[in-house]
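K.L.:
What follows is a single structure, and I will ask about it in a moment.
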Amino acid sequence: MAVTRTQAWEGAHGAEPTGITINLGSGTSRFLVMVLVRERGTNFTPSTWTYGGQAYSYGGESYLDSTPDLIIKYAIWDEYQINEADDHEMLYADDISTGGKLGYYYATYANCRQVEPTIDTDSTASGTYVDLNTSTADARSAIIGVAIDVSANREPFNVDGLTERIDYGGNPGDEQMSYTVADGLGVVDGTTRIANDGIASQMVGLGIVLEGFELNADRTAPKGVGRGINRGIT
Numbered sequence: 002m003a004v005t006r007t008q009a010w011e012g013a014h015g016a017e018p019t020g021i022t023i024n025l026g027s028g029t030s031r032f033l034v035m036v037l038v039r040e041r042g043t044n045f046t047p048s049t050w051t052y053g054g055q056a057y058s059y060g061g062e063s064y065l066d067s068t069p070d071l072i073i074k075y076a077i078w079d080e081y082q083i084n085e086a087d088d089h090e091m092l093y094a095d096d097i098s099t100g101g102k103l104g105y106y107y108a109t110y111a112n113c114r115q116v117e118p119t120i121d122t123d124s125t126a127s128g129t130y131v132d133l134n135t136s137t138a139d140a141r142s143a144i145i146g147v148a149i150d151v152s153a154n155r156e157p158f159n160v161d162g163l164t165e166r167i168d169y170g171g172n173p174g175d176e177q178m179s180y181t182v183a184d185g186l187g188v189v190d191g192t193t194r195i196a197n198d199g200i201a202s203q204m205v206g207l208g209i210v211l212e213g214f215e216l217n218a219d220r221t222a223p224k225g226v227g228r229g230i231n232r233g234i235t
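Here the sequence shown stands for residues 2 to 235, where the numbers follow the numbering used here.
Below, the structure written as structure tokens:
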């Protein structure tokens, strides 16, 4: 059974995802996926990142230490954590003031194997693309690709067979960054390349592969799977 996205990507630029109500998608064997994109002088550490009072099941980052730093953080809640949630409120806090050069976006995927998604990261201090290893994807999988460019002028992006869901940059008044969030269901591509408009720049990328189920597979998660196993975000 193939992964399906049951709630469209949504979110906001210029805000942190705290005190918001999550529009959760329907289905079973779900993952709630949230990404946070940011440009600032140094990295940062979230002290709170919960959905309905539940810590994320999997999380991490893609980070380019440059001037300025480019940062993508991600957090994923599995079906167990989703069902344990007290409500649909997302709470978030970190060690810096909000600022403007950030955005958060999220979506729900169903029919996901309740195992840790495959993650890959890439960055360049002077290049036109990032290459993300998505070789574990097959026709039952979903690929999520995220990228940030240090310049707002480097949009539009080419997302290599995925469909762009979030596109920021390229307009007068945009802050000094551009970014994209894209996904593809049933895309089989060993490497997912996210490219800017062809002019060398600083870029950072994140790739996530969500696995689907084999036909007639048992979709019952093993006892104890997904009980708030946090992969520390630094």
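The C-beta atom is built at its ideal place from N, Cα and C for all residues, glycine as well.
1) In chain order, what residues of the same chain lie with their CB nearer than 7 Å to the CB of HIS14, ignoring the 5 residues before and after it?
2) When DSSP labels each residue in this structure, what does TYR81 get in the three-state scheme?
3) For the candidate residues ILE195, ASN172, GLU176, PRO118, whose alpha-carbon lies nearest to that of VAL182?
4) So, is GLY12 buried or exposed, given that buried needs 16 or more other C-beta atoms within 10 angstroms?
5) Using alpha carbons as the reference points, say which of ALA201, PHE158, GLY146, THR192 lies closest to GLU62.
6) State the Cα-Cα distance for the pair GLY128 and ASP88, rounded to the nearest angstrom.
7) Could you work out which residue in THR7, GLU212, ASN84 is closest to PRO118 when comparing CA atoms only?
8) What are the boundary residues of the beta strand (DSSP E) that LEU186 is part of?
9) Residue range of the beta strand (DSSP E) that ARG39 falls in?
10) According to DSSP, is GLY225 helix, strand or coil?
P.N.:
Answer, in terms of the structure:
1) Contacts found: GLY104, TYR169.
2) Helix, per DSSP.
3) For the residues ILE195, ASN172, GLU176, PRO118, the minimum Cα distance to VAL182 belongs to ILE195.
4) Buried, by the Cβ-count rule.
5) A check of alpha carbon separations from GLU62 across ALA201, PHE158, GLY146, THR192 identifies GLY146 as the nearest.
6) One Cα belongs to GLY128, the other to ASP88, and the distance between them is close to 43 Å.
7) When only C-alpha atoms are compared, the closest one is GLU212.
8) Taken as a continuous stretch (DSSP letters only), the beta strand (DSSP E) holding LEU186 covers 179-186.
9) Per DSSP, ARG39 belongs to the beta strand (DSSP E) from 32-41.
10) Residue placement at GLY225 is flagged as unreliable, the pLDDT there being 42, under the threshold of 50; the coordinate-derived value follows with that caveat. Here GLY225 sits in coil by DSSP.
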